[in-house]
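Down below is the structure, laid out as structure tokens.
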């Protein structure tokens, strides 16, 4: 087994053996905030022209219902199509949750 496989196996074993109670409460708080942020930017981006174009294309495909799209005119479609549309909506305004600090001096970067 090469080093890459050993490293991958170690990560897989760590993930598989981790329980919810093993996750620190601070990490859960940050995780919840990131999920809320992700949904919020998907909702905002779902009204953009790019998302509307892709939404029309995905609807036209008429695929089976495996997963939900988020935002305006939400509907069920293939998982891959829902992921593509949700990701497009989520990045439409180019917002990223990379600045976790709430200090007043962070506003100057905007």
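Numbering (our numbering), first residue to last: 275 to 384. Cβ coordinates follow ideal geometry from the N, Cα and C atoms, glycine included. Note that this is a predicted model, so its numbers are computed, not measured.
> For the region 332-347 against the region 290-310, are there 3 or more C-beta pairs whose distance is under 8 Å?
Replying inline: no
>> Tell me which residue opens and which closes the alpha helix (DSSP H) that residue 334 is part of.
In response: Against the chain shown, residue 334 aligns to sequence position 60. Its alpha helix (DSSP H) spans residues 323-335.
> Applying the criterion that 16 or more other CB atoms from any shown protein chain within 10 Å of the CB defines a buried residue, is residue 329 buried or exposed?
Replying inline: Translated into positions along the chain shown, residue 329 becomes position 55. With 16 or more other Cβ atoms within 10 Å, it is buried.
> Would you report the Cα separation of residue 315 and residue 350, rounded to the nearest angstrom?
Replying inline: One-based indexing of the chain shown puts residue 315 at position 41. One-based indexing of the chain shown puts residue 350 at position 76. Rounded to the nearest angstrom, the two C-alpha atoms are 19 Å apart.
> Out of curiosity, what's the CA-to-CA distance linking residue 283 and residue 336?
Replying inline: One-based indexing of the chain shown puts residue 283 at position 9. One-based indexing of the chain shown puts residue 336 at position 62. So the two alpha carbons sit approximately 39 Å from each other.
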